[in-house]
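Presented below is the structure to which this report refers.
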C-alpha cells in the first residue's frame, strides 16, 4: 500500500491509535506494525528502545509509507529525534499531541500523568508540559499494572478498581484538574476511570489526540487523502499468537483482517 | 567460568532457581542469562520461543558450561527436546522436577497448576502429571497478572490478595490438595498464598524442586563439585536497565555483583 500511513507500536496497544485514525481519516490506508516478539518496550533501556524503533520504522519505510506515527509512548520518548533525522517522511509521536490537548483548556493547572515506568522515567511528558506552560503543577505516576489488567480484559473486576484507586489517590489528593493517559492502552480504561475520578477531572488520551494532530499535520503538508480513496488496513506483527489476535480484535473493536508475520532487518 | 552451571530464563524470574541452587549446591559456579530484551516469552508463539531458547542456550554453551538449566517454564514446555538433541551437555527443565515433587506425596490426588498463559496453553504440566499417575484430577489456571504484581513488589497490597482469591477460588472449590507454582516468579508469592489457601493445601514450587533435581542429576553423572571449589555467579542480561537490576537483587536476596550485557547470536 504505497502512500499509506505507517503506524508502529511495541505491541497491540497502538491499535487504539489506528482506531482513532480510521474514525477521523477514513480515506487513509494504514500499515500497522506491532513488535509483538519483543513487547513490551517500557521496561527496556533507551539504547535498546532506539534500536528496536529504528528497525520498526525501517520496516514501514520499506512498505512505501508517506508518514510514520510512533504509536508507542516509550518509543516516542526515546527515539523520535533519531527517527526524524534518519527518515525522509514526517514522523509523528504521541507525546506532543497529548501535551497540546492537555493544555488546550487554558484553566489546566494541575496535570496528572499516568504511564508505564519507562515513559515516566524518561521525563518526556513532564519536560514537554513544563516547556509549553510555566507555573504548571505536574504529578507523574508510573502505573505498570494497568497494561496487564487491560490485556487480561479485567476492566470490570474489583481488583482493577482497587489498583486504580491505589495509583490515583495521590493524584486526586493533589487536586489534579487534568489526567493525561500517556499510554496507548489506556483509552480502554476510560469508563472505569470515570467511576474512580472526581467528575471534574478532564481525561486526555494519547490515541484520539494523536489522530487529531495527524490530521492537522497531513493537511498542512498537503498529504491528506479524500474519504472516498482508501481505508485499507494491513496489520503486521513480529510474532503471531492467538492471544495477540484476540487482543487486536478487542483494541480495534472490529476484525483486523489477515494478520501477517513481519521479519525486521536488524 | 568453564565447568559452571548455565541457567537461563526469559528474564529475571529464573534467579529464584539460581538462589535455590546456590543454597543447595554452594560449590557450583553459575552463569546466568536473562533475555530481558525480549521478556516475556509466555505470550509468544512456540516457534519464536524455540528460536529464543536456542539462542540463549548457545550463549551459555559458548561460555563453557557443563550443564544447562532452563529456568523458564515456557521455554521448558516448548524447547526442551530441541535443546537436548542439539547440545552435548545435560539439559534440565523446570517441569519434570515440579511434577515429580507434586507427586512425591502419594496422597496427592487433586492438583492445581498455576502459571502464565503460555505454560498453561502448552498443556506441558497437565500432560506430564497425567503420564506419571493415572486417575489424577488436574485443575490448570492461567494467572498472567501474578508476574506483574510480583515485579511491582505489590506482595503486601490488598489488590494482590484480591487477584489471588479471584484466580484460586475455582481451584479451592474443586478441593485441590496440592498447588503447583509453575512459574519461576511465584516462589516470592508463597507467604501471601499461605494466607489465601486452606492450610492443608501443599505448595510445590519450580525453583527449589528444580535445584533438588539438578543435585541428583549432577550426582548421578559425576558432575558435582565440592562445596569448597567455587560459588561464583555471573549474571548476563540481553538488556540492562535499572529496573532489571533492582528486580535481580530482590529475586536473589543478595547483590548479583556486576551485571553484564549479553549479545546473542541469532
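Residue numbers (our numbering), protein chains in the order written: chain U, 18 to 283; chain L, 18 to 283.
Each residue gets a CB set at the ideal place from its N, CA and C atoms; glycine is no exception.
**Message:** One question on the structure: do residue 28 of chain L and residue 59 of chain L come within less than 7 Å of each other, judged by their Cβ atoms?
**Reply:** Translated into the one-based positions of the second chain, residue 28 of chain L becomes position 11. Translated into the one-based positions of the second chain, residue 59 of chain L becomes position 42. The answer is no: Cβ separation not under 7 Å.
**Asked** Rounded to the nearest angstrom, how far is the Cβ of residue 153 of chain U from that of residue 126 of chain U, given a contact under 8 Å?
**Response** One-based indexing of the first chain puts residue 153 of chain U at position 136. One-based indexing of the first chain puts residue 126 of chain U at position 109. Residue 153 of chain U to residue 126 of chain U, Cβ: 6 Å. Contact.
**Asked** Which runs of the beta strand (DSSP E), 3 residues or longer, sit entirely within the region 126 to 176 of chain U?
**Response** Inside the region 126 to 176 of chain U, DSSP marks whole beta strand (DSSP E) runs of 3 or more residues at positions 127 to 132, 154 to 159, from first to last along the chain.
**Message:** Can you tell me where the beta strand (DSSP E) holding residue 217 of chain L begins and where it ends?
**Reply:** Within the second chain, numbered from 1, the residue matching residue 217 of chain L stands at position 200. Element bounds for residue 217 of chain L: n/a, residue is neither H nor E.
**Request:** Just the chain U side, please: which residues come within less than 8 Å of residue 174 of chain L by C-beta, in chain order?
**Result:** For this step, residue 174 of chain L is matched to residue 157 along the second chain. The answer, in chain order, is 183.
**Request:** Compare the C-beta of residue 256 of chain L against all C-beta atoms of chain U and say whether one is closer than 7 Å.
**Result:** Taking the first residue of the second chain as position 1, residue 256 of chain L is located at position 239. Chain U, which has a Cβ nearer than 7 Å to the Cβ of residue 256 of chain L, makes this yes.
**Message:** With three or more beta-carbon pairs closer than 8 Å as the criterion, would you say the region 263 to 273 of chain L touches the region 69 to 77 of chain L?
**Reply:** The region 263 to 273 of chain L makes no contact with the region 69 to 77 of chain L: fewer than 3 CB pairs, one atom from each, lie closer than 8 Å.
**Asked** Grouping DSSP H, G and I as helix and E and B as strand, with all else coil, what is residue 104 of chain U?
**Response** On the first chain, residue 104 of chain U is found 87 positions in, with the first residue counted as 1. Residue state, collapsed to three classes: coil.
**Request:** Please state if the CB of residue 109 of chain L and the CB of residue 128 of chain L are separated by a distance shorter than 7 Å.
**Result:** Start at 1 with the first residue of the second chain, and residue 128 of chain L comes out as number 111. Start at 1 with the first residue of the second chain, and residue 109 of chain L comes out as number 92. Against a cut-off of 7 Å, the Cβ pair of residue 109 of chain L and residue 128 of chain L comes out as no contact.
**Message:** For a quick check, are the C-beta atoms of residue 256 of chain L and residue 54 of chain L less than 7 Å apart?
**Reply:** Counting from 1 along the second chain, the entry for residue 256 of chain L is found at position 239. Counting from 1 along the second chain, the entry for residue 54 of chain L is found at position 37. Yes, the pair counts as a contact, with Cβ atoms nearer than the cut-off.
**Request:** Measure the alpha-carbon distance for residue 233 of chain L versus residue 254 of chain L and round it to whole angstroms.
**Result:** Counting from one through the second chain, the residue named residue 233 of chain L turns up at place 216. Counting from one through the second chain, the residue named residue 254 of chain L turns up at place 237. So the two alpha carbons sit approximately 28 Å from each other.
**Item:** Whole-angstrom C-beta distance between residue 172 of chain L and residue 206 of chain L, which should lie under 8 Å
**Value:** On the second chain, residue 206 of chain L is found 189 positions in, with the first residue counted as 1. On the second chain, residue 172 of chain L is found 155 positions in, with the first residue counted as 1. Residue 206 of chain L to residue 172 of chain L, Cβ: 7 Å. Contact.
**Backbone CA spacing between residue 123 of chain U and residue 56 of chain U [nearest angstrom]** = Along the first chain, read from residue 1 onward, the residue named residue 123 of chain U stands at position 106. Along the first chain, read from residue 1 onward, the residue named residue 56 of chain U stands at position 39. Spanning the alpha carbons of residue 123 of chain U and residue 56 of chain U requires a straight line of approximately 37 Å.
**Asked** Can we say the region 33 to 47 of chain L touches the region 244 to 251 of chain L, given the rule of at least three CB pairs closer than 8 Å?
**Response** When C-beta atoms of the region 33 to 47 of chain L are compared with those of the region 244 to 251 of chain L, three or more pairs fall below 8 Å, so the two segments count as touching.
**Prompt:** When the Cα atoms are used, what is the spatial distance from residue 168 of chain L to residue 160 of chain U?
**Reply:** One-based indexing of the second chain puts residue 168 of chain L at position 151. One-based indexing of the first chain puts residue 160 of chain U at position 143. Residue 168 of chain L and residue 160 of chain U have their C-alpha atoms roughly 12 Å apart.
**Item:** Selected residue, minimal CA-CA separation from residue 10 of chain L, among L:228, L:238, L:189
**Value:** The structure shown does not extend to residue 10 of chain L, since chain L is modelled only from 18 to 283, so the question has no answer here.
**Asked** Taking a cut of 8 Å between CB atoms, which residues from the region 35 to 54 of chain L lie near chain U?
**Response** Answer set for the region 35 to 54 of chain L: 53, 54.
**Asked** Under a three-way DSSP split, which group does residue 278 of chain U fall into?
**Response** On the first chain, position 261 is the one that residue 278 of chain U refers to. Reduced to three states, the DSSP call for residue 278 of chain U is strand.
**Prompt:** Can you list, in chain order, the residues of the region 108 to 140 of chain U whose Cβ is nearer than 7 Å to any Cβ on chain A?
**Reply:** In the displayed structure, chain A is absent; the protein chains listed are U and L.
**Prompt:** Counting contacts by CB-CB distance shorter than 7 Å, is residue 61 of chain L in contact with chain U?
**Reply:** Residue mapping note: residue 61 of chain L aligns to position 44 of the second chain, counting from 1. So, interface residue.
**Asked** Does the beta carbon of residue 187 of chain U come closer than 7 Å to any beta carbon on chain L?
**Response** Counted from its first residue, the first chain places residue 187 of chain U at position 170. No, residue 187 of chain U lies away from the interface with chain L (no Cβ there is under 7 Å from its Cβ).
**Request:** Pick helix, strand or coil for residue 45 of chain U, following the three-state DSSP scheme.
**Result:** Here residue 45 of chain U refers to the residue found at position 28 of the first chain. DSSP, reduced to helix, strand and coil, places residue 45 of chain U outside both helices and strands of the structure shown, so it counts as coil.
**Message:** Please list, in chain order, the chain L residues whose beta carbon lies closer than 9 Å to that of residue 77 of chain U.
**Reply:** Here residue 77 of chain U refers to the residue found at position 60 of the first chain. Ordered by position in chain L, no residue passes the 9 Å Cβ test against residue 77 of chain U, which lies about 21 Å from the chain.
**Item:** DSSP beta-bridge partners of residue 251 of chain L
**Value:** Taking the first residue of the second chain as 1, we reach residue 251 of chain L at position 234. Its beta-bridge partners are L:48.
**Asked** For the region 257 to 280 of chain L, which residues have a CB atom closer than 7 Å to at least one CB atom of chain U, in sequence order?
**Response** Hits within the stretch, in order: 257, 258, 260.
**Request:** Tell me, to the nearest whole angstrom, how far the beta carbon of residue 86 of chain L is from that of residue 24 of chain L; I am working on the premise that it is less than 8 Å.
**Result:** Position 69 of the second chain, counting from 1, holds the residue named residue 86 of chain L. Position 7 of the second chain, counting from 1, holds the residue named residue 24 of chain L. Their Cβ separation, rounded to whole angstroms, is 4 Å, which keeps residue 86 of chain L and residue 24 of chain L in contact under 8 Å.
**Prompt:** List, in order along the chain, the chain L residues whose C-beta lies closer than 8 Å to that of residue 169 of chain U?
**Reply:** Residue numbering aside, residue 169 of chain U sits at position 152 when the first chain is read from its first letter. By Cβ distance, chain L contributes 161, 162.
**Item:** Near-chain L residues of the region 81 to 103 of chain U - C-beta to any C-beta below 8 Å
**Value:** Shown here is that no member of the region 81 to 103 of chain U has a Cβ falling below 8 Å from a Cβ of chain L.
**Asked** When you compare only the Cα positions, how much space is there between residue 258 of chain U and residue 62 of chain L?
**Response** One-based indexing of the first chain puts residue 258 of chain U at position 241. One-based indexing of the second chain puts residue 62 of chain L at position 45. Answer to the nearest angstrom: the Cα atoms are 5 Å apart.
**Request:** Evaluate residue 105 of chain L with the Cβ neighbour count: other Cβ atoms within 10 Å of its Cβ, from every protein chain shown; 16 or more gives buried, anything less gives exposed.
**Result:** Against the second chain, residue 105 of chain L aligns to sequence position 88. By the neighbour-count rule (16 or more Cβ atoms within 10 Å), residue 105 of chain L is not buried but exposed.
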